[in-house]
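Heads up: the sequence shown at position 106 corresponds to 106 in the working numbering, and the numbers run straight through without jumps. No residue lacks a Cβ here, since even glycine has one placed at the ideal position from N, Cα and C. Here's the structure we're looking at; comments come further down.
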Amino acid sequence: MNRSQLVQQIRTKQNYLCVGLDTDITKIPKHLLETSDPVFEFNKAIIDATKDNCVSYKINTAFYESQGMKGWESMEKTLYYIPDTHFKIADAKRGDIGNTSAQYAKTFFEVFPFDAVTIAPYMGEDSVRPFLEYENKWSIVLGLTSNAGGNDFQQLFVNSNLEEHSGKRLYEKVLEKVASWGTPENLMFVVGATRADDLENIRSILPNHFLLVPGVGAQGGSLAEVSKFGMNKDGGLLVNASRAIIFASSGTDFAQQASKVSEKYRNEMSGYLK
């Protein structure tokens, strides 16, 4: 899916919601455990319940890889069940030396038909470049994350005169550098919702790029603040909610409750887009 198609989906559906399929088999409603593929049956029901309220799905591959071959099969079936109208993200956080990254890119862009994959940029341009070579595919690079350990490195000042609290923060340098490797047509950045106070600064660095924003919902991020500081003329946001939607209920009504929560997000987002 290219940028114009993604923007059109946002405008048509009047939302920028990404539903995270972080499907933890230990949290799946017990009645589904009797089926031959509980993870897929759960995901199928969630997709049916939420597809009218979102524009994207993000599959966190860790929850599938941890189940071995069966997990990969569940992931593939889930991926093909997602409608083609929806933007499909592999949350895999890959990134390695060039020839290894080329194999990761082949995995998620050729073997599996994802539209985008998340990437850790620490190893530099040659670790990201193979992903950028694919037409109408997206590299979503970690920019500023919301986990507590993110402060260990991302907020450190990078300067030449060694004066404390001078120069730019590491995450700012990362955003600027990575942005020069691609374009707003094939690069997005992950920015945690719990860092909404940094979004205005990030938008000054990246006025045109899409931002994938996790952390709204169960992690406490504010959709209002993210929308206020993160939106650009094309929308420019994919706001991810995972647990708040897919685990809204642990009972037989899990799909109905997921629909209600996703509809609430959609309605709020529609107001910000007007």
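Asked                                                                                                                                                                          : Found
Taking all protein chains shown into account, do 16 or more other C-beta atoms lie within 10 angstroms of the C-beta of Gly251, making it buried, or fewer, making it exposed? : exposed
What whole-angstrom Cβ distance do Asp91 and Asn53 have, given they're in contact under 8 Å?                                                                                   : Not a contact, Cβ separation roughly 20 Å.
Sort Gly182, Asn151, Gln103, Gly98 by Cα distance to Ser139 and report the nearest one.                                                                                        : Gly182
Within this structure, are the beta carbons of Pro214 and Gly20 separated by less than 9 Å?                                                                                    : yes
Have a look at Asp253, Ile119, Ala105 and flag the residue whose alpha-carbon is nearest the alpha-carbon of Glu133.                                                           : Ala105
Is Thr100 close to chain B? Criterion is C-beta to C-beta, closer than 9 Å.                                                                                                    : The structure shown has no chain B; it contains just one protein chain.
For the putative contact between Val226 and Ala193, defined by C-beta atoms under 8 Å, what is the C-beta separation to the nearest angstrom?                                  : 5 Å
Measuring from the CB of Leu33, is there a heavy atom of the ligand SAM at a distance below 8 Å?                                                                               : As far as ligands go, the structure on display features none, and thus does not contain the ligand SAM.
My assumption, with CB atoms under 8 Å, is that Ala258 sits in contact with Ile46. Please give the rounded CB distance.                                                        : 5 Å
Nearest to Glu76 by alpha carbon, out of Val39, Phe189, Gly95, Phe247?                                                                                                         : Val39
According to DSSP, which residues form a beta bridge with Ile59?                                                                                                               : Leu21, Ala90
Is the separation between the beta-carbon of Lys58 and that of Ile10 shorter than 9 Å?                                                                                         : no
Cα separation between Gly236 and Tyr265?                                                                                                                                       : 17 Å
Please classify Tyr16 as buried or exposed, where buried requires at least 16 other C-beta atoms within 10 Å of its C-beta.                                                    : buried
Within its chain, find whatever has a CB closer than 6 Å to the CB of Phe108; leave out the 5 residues flanking it on each side and keep chain order.                          : Ala90, Phe114, Val117
Buried or exposed, going by whether 16 or more other CB atoms sit within 10 Å of the CB of Asn43?                                                                              : buried
Determine the DSSP secondary structure at Met1, reduced to helix, strand or coil.                                                                                              : coil
Determine the direct distance from the alpha carbon of Leu33 to that of Ser180, and round the result to whole angstroms.                                                       : 47 Å
In terms of residue numbering, what span does the alpha helix (DSSP H) encompassing Thr78 cover?                                                                               : 68-81
According to DSSP, Ala255 sits in a beta bridge with which residue or residues?                                                                                                : None; Ala255 has no bridge partner.
Is the distance from the Cβ of Phe63 to the Cβ of Asp37 below 9 Å?                                                                                                             : no
Looking only at DSSP bridge pairs, what is Arg169 linked to?                                                                                                                   : Phe157
Leaving out five residues on either side along the sequence, give the residues of the same chain with a beta carbon under 7 Å from the beta carbon of Glu268.                  : Leu223
Can you list, in chain order, the stretches of the alpha helix (DSSP H) that have 4 or more residues and sit fully within the stretch 188-249?                                 : 196-205, 223-230, 243-246
Starting from Ala105, trace the alpha helix (DSSP H) both ways and give me its first and last residue.                                                                         : 98-106
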